[in-house]
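Residue numbers (the working numbering): 1 to 168. Positions of the beta carbon are idealized from the N, C-alpha and C atoms, including for glycine. What you are looking at is a predicted structure, and each value in this text was computed from that prediction instead of being measured. Worksheet for the structure shown next.
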């Protein structure tokens, strides 16, 4: 496999070989995408590593949309349970396991939500997001989920409780 160097936001990264970038470019309708490898422990400046979405948020969204969707379409790192729909949109700081996370911004959604985990495609997901969810003021894209940056690193495991320590 051939690795190439690519600069992203001022830093040098290796591109991911094997056709993944080409596939993603095709899925996004021809908008050129290059996937890069970021070794564990490194961060791409300006990108926040933790996306949180609530299971009840997806259920509420599905009810209004009139169809079901897999949570995996939205690629969250943490899925909350036993919370009200869209709770994460009001959180400023949470403790998960031993880690502390701080709100960064709401997640604007793109066409990749039209691709199911098995690779099948539909226009239904993005159409529903555009029709139902609020829009980002800067990009006018629909939002669903919230990005958090790691304020204090710590071990996080499946089943850990989320403790809200500060609201916005």
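- Here residue 96 is near residue 78, since their CB atoms are less than 8 Å apart.
- The C-alpha of residue 24 lies about 21 Å from the C-alpha of residue 144.
- Beyond the five residues adjoining it in sequence on each side, residue 85 comes within less than 6 Å, by CB distance, of 56, 57, 60 in the same chain, given in chain order.
- Spanning the alpha carbons of residue 154 and residue 90 requires a straight line of approximately 23 Å.
- Between residue 31 and residue 64, the alpha-carbon positions lie close to 30 Å from each other.
- Residue state for residue 124 is assigned as helix, using DSSP reduced to three classes.
- Looking at 167, 6, 74, 4, the one whose alpha-carbon comes closest to that of residue 87 is 167.
- For a cut-off of 8 Å, the C-beta gap from residue 101 to residue 75 is around 17 Å, too long to register as a contact.
- Proximity to residue 151 across 104, 140, 132, 133 peaks at 104, based on C-alpha coordinates.
- Counted as a single uninterrupted DSSP element, the alpha helix (DSSP H) harbouring residue 63 occupies residues 55 to 65.
- The shortest CA-to-CA distance from residue 99 to any of 73, 138, 122, 49 is the one to 49.
- Of all alpha-carbon atoms in 128, 72, 147, 134, the one lying nearest the alpha-carbon of residue 116 is that of 72.
- Between residue 93 and residue 139, the beta carbon gap of about 25 Å keeps them out of contact (Cβ cut-off 8 Å).
- Beta-bridge partners of residue 143 (DSSP): 108.
- For the options 122, 135, 81, 29, the alpha carbon positioned closest to that of residue 160 is the one of 81.
- Inter-residue distance for residue 18 and residue 26 is about 14 Å (C-alpha atoms, whole angstroms).
- CA-to-CA, the gap between residue 106 and residue 146 works out to about 4 Å.
- Between residue 70 and residue 134, the alpha-carbon positions lie close to 20 Å from each other.
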